[in-house]
Amino acid sequence: MLVDNINLHIKAGNGGNGAATFLRNGQKAKGGPDGGNGGNGGNIYFQGSTNVNDLYEFRFKKKITAEDGVPGKHKKLFGKNAPHLTICVPLGTRITEISSGIVNEITDITTSVLIAKGGKGGRGNVEFKSSTNQTPLYAEKGTLGEEKKLLLELRLIADVGLIGLPNSGKSSLLSVLTNATPKIGNYAFTTLEPNIGIMGKYPIADIPGLIEGASKGRGLGIEFLKHIEKTKVLVHCIDSANEDVRKAYETVRNEFRQYNISLLDKPEIILLTKTDFSDEKTIKNNIKILKKKGKKVLPSSIYDQKSLDRLKTELEVLL
Ligand SMILES: Nc1nc2c(ncn2[C@@H]2O[C@H](COP(=O)(O)OP(=O)(O)OP(=O)(O)O)[C@@H](O)[C@H]2O)c(=O)[nH]1
Ligand SMILES: [Mg+2]
C-alpha cells in the first residue's frame, strides 16, 4: 500500500548548558572559573532516497527527536556536539511545516534539506571572565532545538500518467506496458491507490478512476491527481465500447479543471481501449468523434501487441 500523507513531529536537539564551575585542586582552593561550553544540539535533515518507496515507516513513528548537546564541564571541558539526524524519504516527498506553511520538496538524492536546527550550546563561565569580573558565577544555557509539526506528502514521480473513467482499462494497460502487477477487475474502483510501473526507463503511474463530481468528493475524489501533476504526458483511457466517448472525455477533463487547470495543458494521448471487444464501425466512429479534440487518438487492446508497440513509440516521442 502506498502511504502518501503523514503527520510527523520533529524536534532538533537542545544545546547543552555551559558550566559555571571553578578550579579546585591541591594548590588552589579558590581558583578561577573553569566551566566549559555546552555542545550544539543535533540538526534534523531530510534527504531523498531511492531505497524508500513510501512513507509507511512514519505511520507508527510519530515523533523523531535528535540528540541534545552534552553540557560543558569543569576543567574547561567542552560538551560534545550531538550528531545530526538525517531522515530518508522517497523522492517526490513534499514537506510542509504546518505552522508557517513553508514547503520543501525532496527531488534528488544528493542534497539534504535542513528542516529543524539544533540549539546552540551555552558558553561556560570561562568565556565571561573579564578584567572587571574575574569570577563570573553564571554560564549560558543552551538554546532549544527547533520543534516542528510537519505534513509529509508523497507525490509519485512518473513521466506518464494513466487517467480515465473507472473500468476503462488503465491498470490493465499498466500491467502490459510495465513490470507492475496491479489489481484488475471488471468493476468500477478496482484501483484504490495509485500504482507505479517502469516502462524501459520511464515510470508510469496508474491512478484510480475519476467520475463526474469527483472534485466534490464523489467516488474516490480527486486528491490522488497530485500524483500525476508532475507527469510529462497523460494517456487518457476511454473504453471503445463507451456509448458516449465525447462525454467520457469531457467528464474527466472537467474534474481536472476543478483540481488544477494546468493539467488540461499537459500533452495527452487519447487511447481508445479494449478494441478487441468492439466492432470496427463503432471504433472508427469513436475515433472520429475524439479526433475533434485536436489530440492524437490511438486504438488499443491489451491483446493486440501491435497497438501497444505503437503507443510505446508515441510515448517515447513525446518524452
Ligand atoms: N477485452 C479486453 N478487456 C480489457 C482490456 N483492457 C482491460 N480490460 C478489462 O476491463 C476491465 C477493467 O480493467 P482495469 O484495468 O481494472 O480498469 P481500470 O481503468 O484500471 O479500472 P479502475 O481501477 O476501477 O478505475 C477488466 O475486466 C479488464 O480485464 C482489453 O484491452 N480488452
Ligand atoms: Mg485500475
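Under the working numbering, the first residue of the sequence shown is numbered 85, with each subsequent residue one higher.
We put the CB at the ideal spot given by N, CA and C, even for glycine.
A quick note: this is a predicted structure, and the numbers were derived from the prediction, not measured.
Please tell me whether, using a cut-off of 7 Å, the distance from the CB of residue i to the nearest non-hydrogen atom of ligand 1 is below it.
{"i": "alanine 272", "result": "yes"}
{"i": "tyrosine 129", "result": "no"}
{"i": "asparagine 344", "result": "no"}
{"i": "asparagine 263", "result": "no"}
{"i": "isoleucine 386", "result": "yes"}
{"i": "asparagine 370", "result": "no"}
{"i": "aspartate 393", "result": "no"}
{"i": "phenylalanine 144", "result": "no"}
{"i": "cysteine 172", "result": "no"}
{"i": "phenylalanine 404", "result": "Because the chain in this structure spans residues 85 to 403, residue 404 falls outside the shown range and cannot be described."}
{"i": "phenylalanine 361", "result": "yes"}
{"i": "asparagine 326", "result": "no"}
{"i": "glycine 305", "result": "no"}
Do residue j and residue i have their beta-carbon atoms positioned less than 8 Å apart in this structure?
{"i": "leucine 240", "j": "isoleucine 280", "result": "yes"}
{"i": "leucine 294", "j": "glycine 303", "result": "yes"}
{"i": "lysine 358", "j": "serine 385", "result": "yes"}
{"i": "histidine 320", "j": "glycine 269", "result": "no"}
{"i": "serine 183", "j": "phenylalanine 130", "result": "no"}
{"i": "glycine 203", "j": "glycine 229", "result": "yes"}
{"i": "tyrosine 343", "j": "aspartate 360", "result": "no"}
{"i": "leucine 92", "j": "leucine 276", "result": "no"}
{"i": "glutamate 296", "j": "threonine 335", "result": "yes"}
{"i": "proline 351", "j": "leucine 402", "result": "yes"}
{"i": "leucine 395", "j": "leucine 355", "result": "yes"}
{"i": "valine 173", "j": "leucine 221", "result": "no"}
{"i": "glycine 156", "j": "glycine 115", "result": "no"}
{"i": "tyrosine 271", "j": "valine 244", "result": "no"}
{"i": "alanine 242", "j": "threonine 177", "result": "no"}
Within 10 angstroms of its Cβ, does residue i collect 16 or more other Cβ (buried), or is it exposed?
{"i": "isoleucine 128", "result": "buried"}
{"i": "alanine 104", "result": "buried"}
{"i": "asparagine 217", "result": "exposed"}
{"i": "methionine 85", "result": "Any reading at methionine 85 is ruled out, since the residue's pLDDT is 42, under 50, leaving its predicted position unreliable."}
{"i": "alanine 166", "result": "buried"}
{"i": "isoleucine 199", "result": "buried"}
{"i": "glycine 102", "result": "buried"}
{"i": "leucine 257", "result": "buried"}
{"i": "glycine 284", "result": "exposed"}
{"i": "tyrosine 333", "result": "buried"}
{"i": "isoleucine 179", "result": "buried"}
CB of residue i to nearest heavy atom of ligand 2: below 7 Å?
{"i": "leucine 357", "result": "This sequence places threonine at residue 357; leucine is not what is there. For ligand 2, not one heavy atom lies less than 7 Å from the Cβ of threonine 357."}
{"i": "proline 266", "result": "yes"}
{"i": "lysine 390", "result": "no"}
{"i": "threonine 275", "result": "yes"}
{"i": "aspartate 243", "result": "no"}
{"i": "lysine 254", "result": "yes"}
{"i": "aspartate 290", "result": "yes"}
So residue i and residue j are supposed to be a Cβ contact under 8 Å. How far apart are they, rounded?
{"i": "threonine 191", "j": "glycine 132", "result": "7 Å"}
{"i": "glutamate 313", "j": "isoleucine 353", "result": "Going by Cβ atoms, the distance from glutamate 313 to isoleucine 353 rounds to 18 Å, so no, they are not a contact pair."}
{"i": "isoleucine 94", "j": "isoleucine 148", "result": "5 Å"}
{"i": "leucine 261", "j": "isoleucine 288", "result": "6 Å"}
{"i": "glycine 123", "j": "alanine 150", "result": "Between alanine 150 and glycine 123 the Cβ distance is about 12 Å, and since that is not below 8 Å, they are no contact."}
Which parts of the stretch 303-345 are runs of the alpha helix (DSSP H), unbroken and 4 residues or longer, counting only runs that do not cross its ends? 329-343
Tell me the start and end of each unbroken alpha helix (DSSP H) in the stretch 350-399 that is at least 4 residues and wholly inside, in chain order. Runs found: 364-375.
Let me know the alpha helix (DSSP H) ranges lying completely inside the stretch 166-208, each 4 residues or longer, listed in chain order. none
For a minimum of 3 consecutive residues, which ranges assigned as the beta strand (DSSP E) are wholly contained in the stretch 250-295? 279-283 and 286-290
Counting only runs of 4+ residues fully inside the stretch 109-172, write out the alpha helix (DSSP H) ranges in chain order. none
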